[in-house]
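Single-structure report; data block below.
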Amino acid sequence: MFKLGDYEINGRVILAPMAGYTFHSYRKFMSKFGASICYSEMVSDMGLIYDNDNTNEYVIFPKEEVPVGVQLFGSEPENLAKAVGICEGLNGKNIDFYDVNMACPVTKVTKTGAGSSLLKEPKRCGDIIRAMKAVTSKPVTAKIRLGLDKNTTNFLEVIKELEEAGVDMIAIHARTAKEMYMGEPHFDLLKDLRSKMNVPLVISGNIFTAQDAVNALSITGADAVMVARGGVGNPMLITNINRLLNGEKEINPSLEEQMEYCKELAREIVEEKGEFIGIRLFRSIGPRFFNGFPYSKALKSRIVSQIVTYDDLERILREYKADEKIL
Numbered sequence: 001m002f003k004l005g006d007y008e009i010n011g012r013v014i015l016a017p018m019a020g021y022t023f024h025s026y027r028k029f030m031s032k033f034g035a036s037i038c039y040s041e042m043v044s045d046m047g048l049i050y051d052n053d054n055t056n057e058y059v060i061f062p063k064e065e066v067p068v069g070v071q072l073f074g075s076e077p078e079n080l081a082k083a084v085g086i087c088e089g090l091n092g093k094n095i096d097f098y099d100v101n102m103a104c105p106v107t108k109v110t111k112t113g114a115g116s117s118l119l120k121e122p123k124r125c126g127d128i129i130r131a132m133k134a135v136t137s138k139p140v141t142a143k144i145r146l147g148l149d150k151n152t153t154n155f156l157e158v159i160k161e162l163e164e165a166g167v168d169m170i171a172i173h174a175r176t177a178k179e180m181y182m183g184e185p186h187f188d189l190l191k192d193l194r195s196k197m198n199v200p201l202v203i204s205g206n207i208f209t210a211q212d213a214v215n216a217l218s219i220t221g222a223d224a225v226m227v228a229r230g231g232v233g234n235p236m237l238i239t240n241i242n243r244l245l246n247g248e249k250e251i252n253p254s255l256e257e258q259m260e261y262c263k264e265l266a267r268e269i270v271e272e273k274g275e276f277i278g279i280r281l282f283r284s285i286g287p288r289f290f291n292g293f294p295y296s297k298a299l300k301s302r303i304v305s306q307i308v309t310y311d312d313l314e315r316i317l318r319e320y321k322a323d324e325k326i327l
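Numbering (our numbering), first residue to last: 1 to 327.
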């Protein structure tokens, strides 16, 4: 258990912000499996400032069961502060905290000076937190990386600036920006990091099994771990991390259970987005529910290419289950 502002956080697994995934219905679905905090998809400060309808959609959602933060990206403290004010006006009653992305390594973000580019200037990182906290009483958090590359692993300097600015929680992805999402994360560089910090620490990077999470938490002493790609189509990963941390055995879901989870998520996305948009979003998620099951290659291909309606999904799953090869 740890605190995020006034919130008592009772779990140690957090759903990471992911573009194209962590919209309201996906967050709602994953919370049922034990995610204790969730984030929106990454939201552009300038998109909000220019009143872009597509951007505004990201921050307008109902109250959720667990604390939900809006993750903003930008490079100028005053613009990020303006974005917070706009979010408060659009949906302040349902937004629980604000996060600033200082970790994204993708060129279209970093070329604007946002994301991991901010790590070049630790003082600016602190200034951003100060500016955001000046316009909201809600917690303000940050997600960072080790540094830009192996020669500039300045995360301790960045953490110092963030803490001095009053940040409420820090998440760190255990790779450099140059490494993107490739290779093994460097949890060894973050050994016992939490003991050197004054605010809650969340650790991120290659959490694909419950044991991955336990190892990362053990090495770093972090308060919580982030689940991102490893949880897509595998929601029981969150449950199993919590079980393992509580000294319980992991549960391996059956094919039938994965089918039910798959259909449940599809229904919730369709309810939120409408069938036309919802099914198209689901095509990138649905196939992952069947990783590791026999003869699932054709099934996954059909989900990607053949579902247009929710009924199509149900039919394809029935046909797969009836195939004598998998019995």
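Glycine is no exception: its CB is placed at the ideal position from the N, C-alpha and C atoms.
query                                                                                                                                                                          : result
Going by DSSP in three states, Gly74 sits in which element: helix, strand or coil?                                                                                             : coil
Between Thr153, Ile207, Leu146 and Ile129, which lies nearest to Met169 when the distance is taken from Cα to Cα?                                                              : Ile129
Just to check my reading of the structure: Val13 and Val225 have Cβ atoms closer than 8 Å, yes? What is that Cβ distance to the nearest angstrom?                              : 6 Å
Going by Cα to Cα distance, which pick from Ala222, Glu164, Asp149 and Cys87 is closest to Thr55?                                                                              : Cys87
If contacts are defined as beta-carbon pairs under 8 Å, then Leu201 and Thr220 qualify, I think. What distance do you get, rounded to the angstrom?                            : 7 Å
Under 8 Å Cβ to Cβ from Met259, same chain only, skipping five residues before and after it: list those, please.                                                               : Phe289, Leu317 and Lys321
Rounded to the nearest angstrom, what separates Ile49 and Phe97 at their Cα positions?                                                                                         : 19 Å
Could you work out which residue in Gly274, Leu281 and Asn291 is closest to Leu255 when comparing CA atoms only?                                                               : Asn291
Along the beta strand (DSSP E) that carries Ile203, what are the first and last residues, could you check?                                                                     : Leu201 to Ser204
Once you ignore the five residues that flank Met18 on each side, which residues in its own chain have a CB closer than 6 Å to its CB?                                          : Ala228
Are Ser116 and Thr107 closer than 8 Å when you measure CB to CB?                                                                                                               : no
One question on the structure: do Gly135 and Gly85 come within less than 8 Å of each other, judged by their Cβ atoms?                                                          : Rather than Gly, the amino acid found at residue 135 in this sequence is Val. Yes. Within cutoff.
Shortest alpha-carbon distance to Phe157 belongs to which of Pro139, Leu193 and Pro185?                                                                                        : For the record, residue 157 in the displayed sequence is Glu; it is not Phe. Ranking Pro139, Leu193 and Pro185 by Cα distance to Glu157 puts Leu193 first.
How far does the beta strand (DSSP E) with Met169 in it extend, from its first residue to its last?                                                                            : Met169 to His173
Going straight from the alpha carbon of Glu184 to that of Ile9, what length do you get?                                                                                        : 29 Å
With 16 as the cutoff for other CB atoms within 10 Å, does Leu327 come out buried or exposed?                                                                                  : Reliability fails at Leu327, whose pLDDT of 46 lies under 50, so the model's placement of it is uncertain and the value that follows must be treated cautiously. By the 10 Å Cβ count, Leu327 comes out exposed.
Can you tell me which residues form a DSSP beta bridge with Ile37?                                                                                                             : Ile14
Where DSSP assigns a beta bridge to Leu4, which residues make up the other side?                                                                                               : Tyr7
Count the C-beta pairs between the segment 24-31 and the segment 270-281 that are closer than 8 Å, then say yes if the count reaches three, no if not.                         : yes
Quick check: the Cα distance between Gly230 and Asp223, rounded to an integer number of angstroms?                                                                             : 19 Å
With a threshold of 8 Å between beta carbons, is Pro235 in contact with chain B?                                                                                               : No chain B appears in the structure shown, which is made up of a single protein chain.
Below 8 Å CB to CB, which residues in the same chain sit around Thr309 once its five sequence neighbours on both sides are set aside?                                          : Glu275 and Ile279
Write down every uninterrupted run of the alpha helix (DSSP H) in the segment 155-241 whose length is 4 residues or greater and which is fully enclosed by it, in chain order. : 155-164 and 210-220
Here's the rule I'm using: 16 or more other beta-carbon atoms within 10 Å means buried, otherwise exposed. How should Glu78 be labelled?                                       : exposed
Express the C-alpha separation of Met182 and Lys149 in angstroms, rounding to a whole number.                                                                                  : Residue identity differs from the one stated: residue 149 is Asp in this sequence, not Lys. Rounded to the nearest angstrom, the two C-alpha atoms are 13 Å apart.
Pick helix, strand or coil for Leu327, following the three-state DSSP scheme.                                                                                                  : Because Leu327 carries a pLDDT of 46, less than 50, the predicted location of this residue cannot be relied on, and no value is offered for it.
Tell me, please, which residues DSSP counts as bridged to Gly69.                                                                                                               : Tyr39 and Phe97
Alpha helix (DSSP H) containing Lys143: first to last residue?                                                                                                                 : First-last for Lys143: Val140 to Arg145, but that is the beta strand (DSSP E), not the alpha helix (DSSP H).
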